[in-house]
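Engineer: Counted the way the working numbering counts, the sequence shown spans residues 38 to 693. I'd like to ask you about the structure that follows.
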Amino acid sequence: MTGELGTADRPALGAGRGPAGRRILEWATSGTKAPLAVTGSPGAGKSHLLAWFAAGAHRDPGTMVHGLAPAHGLTADAVSWELGRQLGYGPLSTEDLLGRILADPRPLTLGFADLHGARPGCRAALVDPLLGFAHVRVLLEAGDTGSVPDGAFVVDLDDPALTDRAEFAAWYAGLVPAGAAFTADQVFPHPATARLAATVPGPPAEGAVPSVWWARLPETARPALHTLAALRGPVPLDVWELLHAHLTGDPAAREAVAAAVERLPGGARYEVPPGGPVVAGLDQRIVDVLKSRALTSSYAREHVLGHAVAAGTADRLLRDAGFLVHGSATAVTAALSDPDTATAAPAVLVRLWRRAAPVLTNTGMSDPERAAVLHAAALADAPQMAALLRPVAERHTWTAEWFRPGESFTALGPGTVEGELLAADPLGRLHALDPATGADLRRVPSPAEVRPLALAALGDGMLLLDRDQVLHVFPPGTVAFGEAAHRHNQDGPSALASVPASGLLAVGDAEGRVHLWRSPAYDPEPLSRPLHQAPVSTLAHVHSARHDLSFCLSGGLDGTLRLWATSGEPMPDPVERRDCVITALAAADTPAHGPVAVAAWADGRASVWNLLDARVRPLPLLHRADAIALAPDGALTVTGPGGTYGLRLHFDRLWA
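So, in structure tokens, the structure goes:
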């Protein structure tokens, strides 16, 4: 019987780890609530085993892993942001994530890699509460058995019984050249130790592999390895050479690094035995070299701040707008969790970072996009930082213009006065806003008893959708809305949209239907279409006189975005579908690009659609959008739990 596992439906684990794989599958299929803990010495393959399991778990609903978050070096909030994204909630604080998971009706399996390397307090704040949730199963990587939760199902990779000896030996034989110093039995069952042993030339040796490896290194390689040991993660060769040359003054740094590389297993890093020269102020010297010579390198992005924290000078880097754009978002978050660093850093920076970090920790963002996010967050109360960031932010496809932190509205919509935006606050009061500046222009009369979740303005009146799913006409008796309100209050109205300039009104209901009134005052019946398998959550409507086109867009609790060119039938399939709810829609007829729509999702992501040619671009939001509004000039207003802010969409760059 082969020890390699599941070659038909999963990748082989390799290194004889089939028994360990079967052990983890035993836990997955048992239905036990006990957490799974993968333990073992450094390099035993704990993270690899978790990744292997998660990668194949989708093949069987019973073994599905709904989220697997890395934890090494991260705070509880940073882990929560990533886990929230994977679960479809968007990046949430630890407290909010726990609340969402508790309310989630799905049975969930959640994993944490390198949990033993997380920042202090991460496990207590996030993982321990999850262990008490009846519908959540947890799998985690623990450095040793002492950090295993009580009652856990343990997979200990130091246990020889979890590695097939014959297959390990065959795997090791493929690594070692003839005349290697160690046999397979000497390095069994540890793959990392085996890879290191494979680099040690003969004659045969006894004793610990790292000690023998070090003793048989060429003298020229050892100084470079001492430099490597002072670093905090994988490093490009040119940066290693640069740091070694500046820290030691070695004129042959390139040759020394090359000699060291020959004796390192590919892609691995190891503890180097002590004994190198003591370099005073080593961390600060590394910071100085990286800042002056290699600040844009991958190593500096990820680790220069860690060296600065160790040197006690992190606040200097954190005051640098350029570093905030280029540096690792998770590293900045971790640095600000250090009490000394947080105390030394400006308070406005800490507040700015709390707003921006959940978005910035998403991977794949360009520097102009990061600058745009930081600039938006800084507009609230860090004007000097905002001014420094703006030149880079303006190179992106959008730029923030204003921010009102802590001021949220429950509904936004175009007003009947050109250039004004109607906004309903949580107390039900209506405000006319300037979308270009966010300034309050005036108070708008409204019924005191109504708390609008959506609004539509036409002519001299308004239609307001209250929290009780009742449409209210204001002023009472307004002819334009009377029939619509009477008709739809019987159907459970759930969404509203209007185009004041053309008199169009759209209403969505709890059955997933969308109703279009071309002239609410005179139409005996609306055009009605069933578009969703769940209640309509939001609507937008746009009319382009130049193109003689009208589009109705609807989002539903079924996670679909539907498009209806109202001169014909709706598109047969959703234009966008996700495992997430659309929380807000807005649309406008733009001078240069025609009808444009923005769809915001519950996970804090948005998409910008050019409706004439079906092009779409992603748009990150600082927080979940409860309502949005788009003006023809590209002014986008976003309101949600973090406040209200205004963006300028640069359409020429969006569609370039």
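Yeah, the Cβ is synthetic: ideal placement off N, Cα and C, and Gly gets one too.
1. Could you please give the first and the last residue of the uninterrupted beta strand (DSSP E) stretch that includes residue 503?
2. Is residue 468 helix, strand or coil when you go by DSSP?
3. Three-state secondary structure (DSSP) at residue 631?
4. In the DSSP output, which residue or residues are listed as bridge partners for residue 178?
5. Whole angstroms are fine: how far does the CA of residue 336 sit from the CA of residue 273?
6. Per DSSP, what kind of secondary structure is residue 103 in: helix, strand or coil?
7. In whole angstroms, what separates the C-alpha of residue 125 from that of residue 135?
8. Quick one: what does DSSP say residue 352 is sitting in, helix, strand or coil?
9. Counting pairs of beta carbons, one from the stretch 538-557 and one from the stretch 460-471, are three or more of them closer than 8 Å?
10. Please say whether residue 398 and residue 363 have beta carbons closer to each other than 8 Å?
11. For the stretch 149-166 and the stretch 94-113, state whether three or more C-beta atom pairs, one from each stretch, are separated by less than 8 Å.
12. Looking only at its own chain, which residues have a Cβ that is under 8 Å from the Cβ of residue 531, when we skip the five neighbours before and after it?
13. Which value, in whole angstroms, describes the spacing of the CA atoms of residue 120 and residue 141?
14. In the DSSP assignment, find the unbroken beta strand (DSSP E) run with residue 548 in it and report its ends.
15. Whole angstroms are fine: how far does the CA of residue 582 sit from the CA of residue 541?
16. Decide if residue 578 is buried, meaning its Cβ has at least 16 other Cβ atoms within 10 Å, or exposed.
17. Taking residue 289 as the reference, give the member of 269, 261, 271, 268 with the closest Cα.
18. Can you give me the C-alpha to C-alpha distance between residue 457 and residue 84, rounded to a whole angstrom?
19. According to the Cβ coordinates, are residue 49 and residue 86 closer than 8 Å?
20. Are the Cβ atoms of residue 153 and residue 184 separated by less than 8 Å?
21. Just the Cα atoms here: how many angstroms apart are residue 697 and residue 91?
22. Is residue 435 closer than 8 Å to residue 686 when the C-beta atoms are compared?
23. Going by DSSP, what residues sit across from residue 56 in a beta bridge?
24. According to DSSP, is residue 335 part of a helix, a strand, or is it coil?
25. Measuring CA to CA, which of 670, 648, 684 is closest to residue 676?
26. Does DSSP put residue 307 in a helix, in a strand, or in coil?
27. Tell me whether residue 432 sits in a helix, a strand or coil according to DSSP, three-state version.
28. What three-state label does DSSP hand residue 649 in the structure shown?
29. Take residue 348 and list the residues in its own chain whose beta-carbon comes closer than 8 Å to its own, dropping the five residues that flank it on each side.
30. Nearest to residue 296 by alpha carbon, out of 256, 245, 473, 268?
31. Please name the residue, chosen from 586, 606, 595, that lies closest to residue 566 on a Cα-to-Cα basis.
32. If you count every other CB in all the chains shown that lies within 10 Å of the CB of residue 407, and 16 or more means buried, which is it?
33. Distance check for residue 112 and residue 63, CA to CA, integer angstroms please.
34. Can you tell me which of the three DSSP states residue 301 falls into?
35. Alpha carbon to alpha carbon, what distance is there between residue 618 and residue 543?
36. What number of angstroms, rounded off, separates the C-alpha of residue 471 from the C-alpha of residue 492?
Structural biologist: Result, derived from the coordinates:
1. 498-503
2. strand
3. strand
4. 75
5. 7 Å
6. coil
7. 14 Å
8. helix
9. no
10. no
11. yes
12. 502, 506, 545, 546, 547, 572, 573, 574
13. 14 Å
14. No beta strand (DSSP E) contains residue 548, which DSSP labels as neither H nor E.
15. 13 Å
16. buried
17. 261
18. 54 Å
19. no
20. yes
21. Given that the chain is displayed from residue 38 to residue 693, the structure contains no residue 697 and the question cannot be resolved.
22. yes
23. Its beta-bridge partners do not exist; DSSP assigns none.
24. helix
25. 684
26. Any answer about residue 307 is weak, because its pLDDT of 43 lies below 50 and its placement is not dependable; what the coordinates show is given next. In the structure shown, residue 307 sits in coil (DSSP, three-state: anything other than H, G, I, E or B).
27. coil
28. coil
29. 318, 320, 321, 324
30. 256
31. 606
32. buried
33. 31 Å
34. coil
35. 20 Å
36. 17 Å
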